[in-house]
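Participant: Sequential numbering of the sequence shown, starting at 541, is according to the numbering used here.
Even for Gly, the Cβ is constructed at its ideal location relative to N, Cα and C.
Got a structure for you, written out below as structure tokens; questions coming shortly.
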Amino acid sequence: MPETFRIQTLNAISPLGLNRLDRERFDLGTEFTDPRAILLRSADLHSYDVPHSLYAVARAGAGTNNIPVEKLASLGIPVFNTPGANANAVKELVIAGLLLAARNLYHAADYTKDLVAEQQLSGKDLDKQVEAGKKQFAGFELPGRTLGVIGLGAIGVLVANAAQAMGMKVLGYDPAITIERAWQLSPSVEQVTSVEELFARSDFITLHVPLIEATQGLVSAERIASMPAGSVVLNFARGGVVDEEAVLAALDSGQLHAYVNDFPTEVGAVHPKVITLPHLGASTSEAEDNCAVMAVDQLSDFLLHGNIRNSVNFPEVAMARSPNTTRLGIFNENKPNMIGQITTVLAEAGLNVTEFTNKARGDYAYTLVDVEGEVADELKEQILAIDGVIRARKIEG
Ligand SMILES: NC(=O)c1ccc[n+]([C@@H]2O[C@H](COP(=O)([O-])OP(=O)(O)OC[C@H]3O[C@@H](n4cnc5c(N)ncnc54)[C@H](O)[C@@H]3O)[C@@H](O)[C@H]2O)c1
Ligand SMILES: O=C(O)[C@H](O)COP(=O)(O)O
């Protein structure tokens with residue numbers, strides 16, 4: 541009997557994704573203590589006591605800073621995410637953020653509501669106060685203004701292209717842009733080679749980088765000071781990418797006009813020039829469906845076939861299944877003679893290898909191997925006994 545995999549969901553995941561799982565092979569629940577896999581969105585896994593049963597973690601979304609990615613790599617547990625699946629949702633919110641800031645929409649709407657709800661004006665009195673008060677919310681238009689996009693990945697490229705189509709001058713900065721993203725980027729977007737140049741030339745800055753050591757506090761007091769006076773910072777990446785204290789000081793001094801972000805803090809959320817949304821970037825039905833479908837498909841492909849696609853801590857490794865073969869998935873340290881030792885064990889067991897792939901990423905590597913016929917359970921123990929092998933799994937057909 542092939543195993544039924546227990547998948548623990550730690551956040552609400554769209555049924556469009558969950559319903560793709562064959563219930564004969566997958567058992568879904570929120571309370572398992574020994575899950576084979578975890579499926580989540582933003583739930584924090586940093587203090588999670590990783591059970592020995594765990595084979596994989598799938599993040600229905602982009603950011604993986606809520607997951608101890610390196611620790612899981614060292615245990616031979618791949619972490620999957622869903623690159624691009626929520627990018628359009630974030631792009632649309634960033635465009636809304638540009639307009640919210642440029643036209644002072646948030647305060648203007650509050651003002652109108654206050655005239656009626658608090659001041660109880662109506663009819664001609666209301667009209668008069670509307671016309672008298674509107675000048676304080678007069679804004680500015682986007683064409684001709686410069687937007688600096690930091691991070692030209694799935695989201696950054698869409699934002700850059702959309703802003704460019706709205707008539708903005710767009711600068712982009714991403715020292716590790718992929719060829720795929722570079723192809724998608726409008727040729728009118730100017731790539732700059734230093735983040736300092738981007739700040740100095742931008743009326744708006746928008747952030748689309750992961751929260752990692754290199755991006756922590758990327759928006760600093762010094763960089764804000766180099767921007768033209770009255771600029772706007774938009775942060776739909778992660779709170780930690782911005783030095784919030786520096787941003788609030790710049791808002792108070794008038795150096796910044798507004799800070800639009802998706803990550804509430806006690807101080808920031810109540811500042812009059814800050815517009816904070818409740819982490820809404822990916823909260824559209826379309827994005828939730830896209831992320832769930834992608835996360836579920838990648839997870840089930842790994843559990844059923846050992847294939848790894850869109851992992852943030854292991855390389856891309858996938859092979860088609862062949863009849864009358866047994867598959868092994870092996871996680872090992874990336875060091876010399878691992879392949880030699882693994883194939884020696886297979887040869888000594890008299891097994892004929894029909895397919896073999898080994899790829900490394902950073903300190904770790906993953907091997908998928910198909911051998912003819914059946915494999916005895918002891919073989920897995922022999923592979924695990926090799927120094928540097930972290931985990932081995934016989935994958936049922
Ligand atoms: N607010 C939300 O709900 C929401 C939704 C989706 C994603 N996000 C955040 O946005 C981030 C980006 O998402 P994505 O889908 O575009 O990811 P992505 O991986 O497609 O793109 C990230 C880009 O950032 C670049 N980058 C990394 N470090 C950089 C640096 N120091 N300077 C400049 N560029 C750098 C990478 O090269 C990559 O091209 C996610 O990691 C997540 O934190 C937030
Ligand atoms: O990184 C992401 O994909 C976003 O921050 C979305 O997070 P959520 O799935 O918790 O809305």
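Which residues in the same chain have their Cβ closer than 8 Å to the Cβ of A769, if we skip the five residues on either side of it in sequence?
Facilitator: Closer than 8 Å at Cβ, skipping near neighbours: G794, Q795.
Participant: For the candidate residues G890, I926, Y906, whose alpha-carbon lies nearest to that of E912?
Facilitator: Checking every option, the nearest Cα to that of E912 belongs to G890.
Participant: Following a CB-centred definition, is D783 positioned closer than 8 Å to any heavy atom of ligand 1?
Facilitator: Not so, every heavy atom of ligand 1 lies at least 8 Å from the Cβ.
Participant: May I ask which residues mark the beginning and end of the beta strand (DSSP E) holding L548?
Facilitator: Note that residue 548 is Gln in the sequence shown, not Leu. Start and end: 545 to 549.
Participant: For G679 versus R643, is the C-beta distance shorter than 9 Å?
Facilitator: Result yes, Cβ atoms of G679 and R643 sit closer than 9 Å.
Participant: Grab the span of the alpha helix (DSSP H) containing F871 for me, first residue to last.
Facilitator: F871 -> not in any alpha helix (DSSP H); beta strand (DSSP E) instead, spanning 865 to 873.
Participant: Under the assumption that V836 contacts G557 (Cβ atoms under 8 Å), give the Cβ distance between them as a whole number of angstroms.
Facilitator: Their Cβ separation, rounded to whole angstroms, is 4 Å, which keeps V836 and G557 in contact under 8 Å.
Participant: Cα-Cα, which of N877, I635, A740, R546 is closest to L561?
Facilitator: The shortest C-alpha separation from L561 is found at R546.
Participant: Residues in its own chain within less than 7 Å of A900 by CB, not counting five upstream and five downstream?
Facilitator: Excluding positions up to five away in sequence, the list reads P855, N874.
Participant: First and last residue of the beta strand (DSSP E) that includes R901?
Facilitator: Counting along the chain, the beta strand (DSSP E) containing R901 begins and ends at 893 to 901.
Participant: Considering only C-alpha positions, which residue in the set A703, G779, D783, T824 is nearest to T816?
Facilitator: Considering only alpha carbons, the answer is G779.
Participant: Looking only at its chain, what residues have a beta carbon closer than 8 Å to the beta carbon of V781, apart from the 5 residues adjacent to it on each side?
Facilitator: Excluding sequence neighbours, V781 sits near L747, V749, L751, T755, Q756, G757, L758, V759, N775.
Participant: Straight-line CA distance for I617 to I930?
Facilitator: Straight-line Cα distance between these residues: approximately 10 Å.
Participant: Verify whether the separation of the beta carbon atoms of G928 and N853 is less than 9 Å.
Facilitator: Contact: no.
Participant: Could you pull out every unbroken beta strand (DSSP E) segment of at least 3 residues lying fully inside the stretch 643 to 705, listed in chain order?
Facilitator: If we require 3 residues or more, the beta strand (DSSP E) runs fully inside the stretch 643 to 705 come out as 686 to 690.
Participant: Say the cut is 8 Å; is the CB of F871 nearer than that to a heavy atom of ligand 1?
Facilitator: Answer for F871: no, Cβ out of range of ligand 1.
Participant: Using only Cβ atoms and a threshold of 5 Å, which residues come within that distance of a heavy atom of ligand 2? Order them by chain position.
Facilitator: Answer in sequence order: R581, S582, G601, A602, G603, A822.
Participant: To the nearest angstrom, how far is the alpha carbon of G569 from that of R599?
Facilitator: For G569 and R599, the distance between alpha carbons rounds to 16 Å.
Participant: Between V630 and ligand 1, is the CB less than 8 Å from at least one heavy atom?
Facilitator: V630 Cβ: within cutoff of ligand 1.
Participant: In the structure shown, what three-state DSSP assignment does S771 receive?
Facilitator: S771: strand per DSSP, three-state reduction.
Participant: For T816, decide whether its Cβ has a neighbour in chain B, counting only Cβ atoms nearer than 9 Å.
Facilitator: No chain B is part of this structure, which consists of one protein chain only.
Participant: Please report the Cβ distance between F744 and L638, rounded to the nearest whole angstrom; I am assuming they are in contact, meaning their Cβ atoms lie under 8 Å.
Facilitator: With 8 Å as the limit, F744 and L638 qualify as a contact, their Cβ atoms being about 6 Å apart.
Participant: Spatial neighbours of T805 within its chain, please: C-beta separation below 7 Å, excluding the five flanking residues on both sides.
Facilitator: Excluding residues within five positions, the ones whose Cβ falls inside 7 Å are G779, E784.
Participant: Taking the alpha carbon of Y713 as the reference point, which residue from A700, Q724, A705, M706 has its own alpha carbon closest?
Facilitator: Minimum Cα distance to Y713 is reached at A700.
Participant: With DSSP as the reference, label H845 as helix, strand or coil.
Facilitator: Three-state result, H845: helix.
Participant: Runs of 4 residues minimum, wholly inside the stretch 706 to 747: which ones carry the alpha helix (DSSP H) assignment?
Facilitator: List check, alpha helix (DSSP H) in window: 719 to 724, 735 to 741.
Participant: Keeping to the same chain, check which residues put their C-beta closer than 6 Å to that of M708; ignore five residues upstream and five downstream.
Facilitator: Cβ neighbours of M708 beyond the five flanking positions: L682, R685, L687.
Participant: Under a Cβ-count criterion, where at least 16 other Cβ atoms within 10 Å of its own Cβ denotes burial, should N551 be classed as buried or exposed?
Facilitator: With fewer than 16 other Cβ atoms within 10 Å, it is exposed.
Participant: Just to confirm, does N830 get its C-beta within under 8 Å of one of the non-hydrogen atoms of ligand 1?
Facilitator: No.
Participant: Using DSSP with H/G/I as helix, E/B as strand and the rest coil, what is K934?
Facilitator: Here K934 sits in strand by DSSP.
Participant: Assuming I923 and V893 are in contact, meaning their beta carbons sit under 8 Å apart, how far apart are those beta carbons, in whole angstroms?
Facilitator: So it is not a contact: roughly 13 Å between Cβ atoms.
Participant: Could you please give the first and the last residue of the uninterrupted alpha helix (DSSP H) stretch that includes L615?
Facilitator: Taken as a continuous stretch (DSSP letters only), L615 belongs to no alpha helix (DSSP H), as it is neither H nor E.
Participant: Can we count F776 as close to ligand 1, meaning its CB is less than 8 Å from some heavy atom?
Facilitator: F776 Cβ: within cutoff of ligand 1.
Participant: S851 and F566: beta carbons closer than 9 Å?
Facilitator: It is not a contact, given that the beta carbons lie outside the stated cut-off.
Participant: Counting only the same chain and skipping the five closest in sequence on each side, list residues whose C-beta sits under 7 Å from that of Q838.
Facilitator: Same-chain partners within the cutoff: A598, F620, R849, N850.
Participant: In whole angstroms, what separates the C-alpha of A625 from that of I695?
Facilitator: Cα-Cα distance, rounded: 10 Å.
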